[in-house]
Amino acid sequence: MKSIVAIASAASLISSAAAASRSPLQFDITEVDLSSLQKRNVDSEPLEVSPHVLELNRVVGTSPAQTWIQSIRNGPGSNGMYKTGHVTNLTDLNGYEYIASILFGDETLQVIVDSGSSDTWAVQKDFTCQDSDGNRLNDTSLCNFGPTYNGTFQHGSIPGVHFNITYGDGEFATGLMGYQDITLAGLEVPHQEVALVNKTYWNGDNVASGLLGLAYDLLTSEYNDATGKSIYYDSIFTTMSKKGIVKPDLFSMAMDSKSQVGQLAFGGLPPVETKGKLISTPIRMVALLSHRPEAKTEYSFYTILPDGYVIKNVTMAPTTNQTLAASKWNTAVSKPAGFYNSTTPTIVDSGTTLMYVPSDISDAFAAGIPNSFYDIFSGAYYAPCDATVPDFGIVINGHTFYADKADLIQSTDPLDNGDGTFVCLLGVTDGGEGPYILGDTMMNSLVTVFDVGAGMMRFASRK
């Protein structure tokens, strides 16, 4: 049983959420002509259940995308790059990641499935494991990977370039770039550019041997050896789309915290029951990365602009929501009871456990739960495990999607409060200045469609 005292002393180290509240960052959003990127209209064909489905299994861990987004939230350093900074060990926050089995060359590997990053890579046999200070460790098991990849690139390495990525908690992976055949969900992706990692500082889950990145090319991490400049290449889903391997060119996810499993479907929907129709909203181009101005005109993260949030049976003082109501992204929508404006950029990320929302929204949610409190060190809210939580929903294109109560208070892993009582993690937390994240707290109640070909995100509630 973990103890919250190990995170912070209840008497002196716990702060109110109000003290941590900050106004949303003003990210740049550029409206551009998407006709060259979109291959079809969102309503051009109905979506069917796909025969190409990967089973996802949930394990304790922190996705690379989550730490990357955290580094953006930490803010840029003096050189304009984003800090790697300290990130709380999210094992203490019930942090999870989803893994799946793919054929990497001629070997079957378990990889982290990440909609918030773009590279596909595997750790190579005889890699160098380092600690956080860059010191070589003699025991490679300390990096906590699953089985390593024993081969080389099937179609050769790429001269003059290398792979190099650093995540928000200081983890990094470096290695060679080359071409490999990848098979996933019964679909073969020949000659895909991937990385073989030969040096890393990593705090893995002892299961995954690499990563399957499903985001756009702007987040790839290939660099020129001579100049150090980044080189964008076709990420695996871009290759699948361009070569017609997946039709229509979309993927979808359904995850379930109760069963600990989920599905990743290519070209259609996962085999789960839904209620109501799919609700669509455009994927936005948002300049989250100040050192990459092209983010204004190229897709990076899967980012949407929700209309706001619904918190039932909670009253928030009118003055506290003025910043959000005056947001330049605010739009007129049908406002259900308990609606709060918050039309600010929100990343849809399967690798993030919680919902990260504006301070006013997280304050209002926690205010409706007796004896809840905010821990500044873990960056999360806690409450008595038997607490009753208010209904919480996100409004997208005028439709409200509600999170399952079991995901709003995660009672399966209580923490010792140090006084004989136990508290549980709440599924909604303070996102500070942003960027905000639609994470697993909400995605566990949805079928989420990443409709790349139509430039849309689509959502439906699960039965």
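Sequential numbering of the sequence shown, starting at 1, is according to this note's numbering.
Beta carbons: idealized from backbone N, C-alpha and C, even for Gly.
What's the gap between the Cα of residue i and the Cα of residue j?
| i | j | result |
| --- | --- | --- |
| residue 445 | residue 344 | 22 Å |
| residue 51 | residue 183 | 14 Å |
| residue 280 | residue 371 | 37 Å |
| residue 413 | residue 229 | 44 Å |
| residue 250 | residue 389 | 35 Å |
| residue 234 | residue 241 | 10 Å |
| residue 459 | residue 274 | 10 Å |
| residue 450 | residue 457 | 5 Å |
| residue 146 | residue 170 | 20 Å |
| residue 16 | residue 382 | For residue 16, the predicted model reports a pLDDT of 34, less than 50, meaning its position is unreliable; a value from the coordinates is still stated below. If I take the Cα positions, the gap works out to 11 Å. |
| residue 373 | residue 366 | 7 Å |
| residue 236 | residue 192 | 7 Å |
| residue 376 | residue 432 | 12 Å |
| residue 173 | residue 256 | 30 Å |
| residue 210 | residue 41 | 34 Å |
| residue 519 | residue 97 | Residue 519 lies beyond the stretch modelled for the chain, which goes from 1 to 463, so this question has no answer here. |
| residue 463 | residue 157 | 47 Å |
| residue 118 | residue 165 | 11 Å |
| residue 268 | residue 108 | 24 Å |
| residue 283 | residue 216 | 11 Å |
| residue 408 | residue 346 | 18 Å |
| residue 253 | residue 378 | 28 Å |
| residue 417 | residue 423 | 6 Å |
| residue 411 | residue 405 | 10 Å |
| residue 204 | residue 120 | 16 Å |
| residue 178 | residue 270 | 31 Å |
| residue 295 | residue 455 | Reliability fails at residue 295, whose pLDDT of 43 lies under 50, so the model's placement of it is uncertain and no value is given. |
| residue 186 | residue 207 | 22 Å |
| residue 80 | residue 369 | Low confidence applies here, because residue 80 scores a pLDDT of 39, under 50, leaving its location unreliable; read the following figure in that light. So the alpha carbons of these two residues sit roughly 40 Å apart. |
| residue 395 | residue 264 | 24 Å |
| residue 473 | residue 219 | Nothing can be reported for residue 473: it is not among the residues displayed for the chain, which extend from 1 to 463. |
Here's the rule: buried if 16 or more other CB atoms are within 10 angstroms of the residue's CB, otherwise exposed. What is residue i?
| i | result |
| --- | --- |
| residue 419 | exposed |
| residue 403 | buried |
| residue 136 | exposed |
| residue 364 | buried |
| residue 307 | buried |
| residue 30 | Confidence is the limiting factor: at residue 30 the pLDDT is only 48, short of 50, which leaves the residue's position unreliable, though a coordinate-based value still follows. Residue 30 comes out exposed. |
| residue 32 | With a pLDDT of 40 at residue 32, under the threshold of 50, the modelled position of that residue is not reliable, and the figure given next carries that caveat. Counting Cβ neighbours within 10 Å, residue 32 comes out exposed, since fewer than 16 surround it. |
| residue 443 | buried |
| residue 448 | buried |
| residue 259 | exposed |
| residue 221 | buried |
| residue 9 | At residue 9 the pLDDT is 32, less than 50, meaning the model places this residue with poor confidence and gives no usable figure here. |
| residue 226 | exposed |
| residue 160 | exposed |
| residue 244 | exposed |
| residue 248 | buried |
| residue 452 | buried |
| residue 386 | exposed |
| residue 139 | exposed |
| residue 362 | buried |
Looking at the unbroken beta strand (DSSP E) that takes in residue i, where does it start and where does it end?
| i | result |
| --- | --- |
| residue 241 | Where residue 241 is concerned, there is no enclosing beta strand (DSSP E), although the alpha helix (DSSP H) it sits in stretches over 236 to 242. |
| residue 165 | 161 to 166 |
| residue 195 | 187 to 201 |
| residue 408 | Premise fails: residue 408 lies in the alpha helix (DSSP H), 405 to 408, not in any beta strand (DSSP E). |
| residue 172 | 172 to 184 |
| residue 229 | Premise fails: residue 229 is in no beta strand (DSSP E) and is neither H nor E. |
| residue 224 | 222 to 224 |
| residue 208 | Residue 208 -> no beta strand (DSSP E), and no H or E assigned at all. |
| residue 145 | From DSSP, residue 145 is part of no beta strand (DSSP E); its letter is neither H nor E. |
| residue 256 | 251 to 256 |
| residue 460 | 456 to 462 |
| residue 265 | 261 to 266 |
| residue 429 | 428 to 430 |
| residue 302 | Counting along the chain, residue 302 falls outside any beta strand (DSSP E), and DSSP gives it neither H nor E. |
| residue 120 | From DSSP, residue 120 is part of no beta strand (DSSP E); its letter is neither H nor E. |
Give the range of the alpha helix (DSSP H) segment to which residue i is assigned.
| i | result |
| --- | --- |
| residue 469 | Here the chain comprises residues numbered 1 to 463, so residue 469 is not present and cannot be evaluated. |
Report the CB separation of residue i from residue j in whole angstroms; it is logged as a contact under 8 Å.
| i | j | result |
| --- | --- | --- |
| residue 428 | residue 357 | 6 Å |
| residue 494 | residue 99 | Residue coverage of the chain in this structure runs from 1 to 463, which leaves residue 494 outside it and unanswerable. |
| residue 196 | residue 176 | 5 Å |
| residue 127 | residue 148 | 7 Å |
| residue 198 | residue 124 | 5 Å |
| residue 421 | residue 384 | 7 Å |
| residue 380 | residue 426 | 7 Å |
| residue 350 | residue 132 | Not a contact, Cβ separation roughly 26 Å. |
| residue 223 | residue 130 | About 19 Å; that fails the 8 Å criterion. |
| residue 311 | residue 392 | 6 Å |
Restricting to runs no shorter than 4 residues, where is the alpha helix (DSSP H) found entirely within the stretch 335 to 423? For the stretch 335 to 423, the continuous alpha helix (DSSP H) assignments of 4+ residues that do not extend past its boundaries occur at 359 to 367 and 405 to 408, in sequence order.
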